[in-house]
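Single-structure report; data block below.
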Amino acid sequence: MALTHNVWAFVFGIMGNIISFVVFLAPVPTFIRICKKKSTEGFQSLPYLSAIFSAMLWIYYAMQKDGSGFLLITINAVGCVIETIYIVLFVTYANKKTRISTLKVLGLLNFLGFAAIVLVCELLTKGSTRAKVLGGICVGFSVSVFAAPLSIMRLVVRTRSVEFMPFSLSLFLTLSAVTWLFYGLAIKDFYVALPNVLGAFLGAVQMILYIVFKYYMTPVAEKTDKSKAVSSDHSIDIAKLTTVIPGSTVHEPPAVHNVPETQIQVTEVKSQNMTEPNDQTTSKDVQNQNQV
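Counting from 1, one number per residue, gives the positions in the sequence shown under UniProt numbering.
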């Protein structure tokens with residue numbers, strides 16, 4: 001039975017290493033953009049600072065596990081290297097204000113904070129107690145990291161747009177959480193399994209939201225554009241209808257230059273013919289008066 005557990009732990013540990021490596025590489029397109037534009041634009045450094053701090057904590061925790069946490073050490077060591085590269089690039093291309101704030105957080109969290117945790121654990125705890133204290137710290141920080149996407153989910157619900165929540169990233173985060181959950185169950189480590197329960201749940205919710213708002217909901221911006229287009233179409237139709245209704249004030253009187261010349265000549269001849277009899281009768285009356 002112990003051998004079976006070790007086999008499953010090894011399988012899930014290898015899968016977790018591969019999937020987590022893909023997750024660590026997810027920000028690569030962002031940093032390619034930063035390097036091309038030589039500016040960090042509106043991007044924040046906190047996700048990379050918190051990721052490297054979490055990796056350092058898990059390495060320190062895995063070192064207390066007497067060999068059973070080897071696969072935790074490997075992937076988090078790789079994560080530390082990748083996140084360090086991200087932070088170096090971010091500091092290089094950030095403006096002065098952003099660079100100073102990033103270095104402050106890096107010093108306070110990743111150096112002083114981590115050093116304080118190590119000193120407290122080394123001086124005040126021993127053996128299994130140290131592993132429990134470290135496990136609790138790792139769980140608390142991992143829960144806060146997993147809860148970070150709640151703001152993105154709120155933005156998706158409010159705007160009905162999945163522009164800022166890529167499906168591939170949500171998928172790999174969910175797979176990573178599920179894999180490490182089974183790894184924690186295989187090695188019977190409560191501190192590894194617990195935070196990944198929340199991670200798997202939130203990842204599944206993100207994918208459901210993506211499917212719902214991508215294929216069944218219209219973004220708010222598109223709705224407003226459509227309403228404007230419909231109102232403009234209606235106004236055009238009303239304008240067209242007013243030109244067709246008889247007796248409408250929109251009609252202009254027909255221009256004279258549009259009437260053919262033959263019609264004008266015919267009307268002139270008719271008017272002359274109608275006036276000639278009247279002229280003859282008047283001339284006869286005048287002659288009769290003269291005779292009298």
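Beta carbons are placed, not taken as given, at the ideal position from N, Cα and C, and that holds for glycine.
(request) Could you name the residues of the same chain whose beta carbon sits closer than 8 Å to that of Met56, not counting the 5 residues immediately before and after it, in chain order? (result) Asn76, Cys80, Asn110, Phe114
(request) Look at the Cβ atom of Tyr86, then the Cβ atom of Gly135, and state whether they are nearer than 7 Å. (result) no
(message) One question on the structure: do Ser50 and Thr102 come within less than 7 Å of each other, judged by their Cβ atoms?
(response) no
(message) Is the separation between the beta-carbon of Ile19 and that of Ser176 shorter than 7 Å?
(response) yes
(request) Assign Glu83 to buried or exposed, taking buried as 16 or more other Cβ atoms, counted over all protein chains shown, within 10 Å of its Cβ. (result) buried
(request) Report the residue from Leu185, Ala94, Gly107, Gly69 whose alpha carbon sits nearest the alpha carbon of Ser39. (result) Ala94
(request) Can you tell me which of the three DSSP states Ser68 falls into? (result) coil
(request) Pull up the distance between the alpha-carbon of Val212 and that of Phe31, whole angstroms please. (result) 30 Å
(message) Beta-carbon within less than 7 Å of Ser54's beta-carbon, same chain only, minus the 5 sequence neighbours each way: which residues are those?
(response) Phe141, Ser142, Val145
(request) Return helix, strand or coil for Phe216, following the three-state DSSP convention. (result) The sequence as given places Tyr at residue 216; Phe does not occur at that position. Correct three-state label for Tyr216: coil.
(message) To the nearest angstrom, how far is the alpha carbon of Val91 from that of Asn6?
(response) 42 Å
(message) So, for Ile180: in the same chain, excluding its five sequence neighbours on each side, which residues have a beta-carbon less than 6 Å away from its beta-carbon?
(response) The question names Ile, but residue 180 is Trp in the sequence shown. Excluding residues within five positions, the ones whose Cβ falls inside 6 Å are Gly16, Asn196.
(message) Is the beta carbon of Val162 closer than 7 Å to that of Tyr210?
(response) yes
(message) Quick check on Phe43: does DSSP put it in helix, strand or coil?
(response) coil
(request) Between the Cα of Ile59 and those of Cys35, Cys138, Lys36, Phe10, spot the shortest distance and give me the residue it belongs to. (result) Cys138
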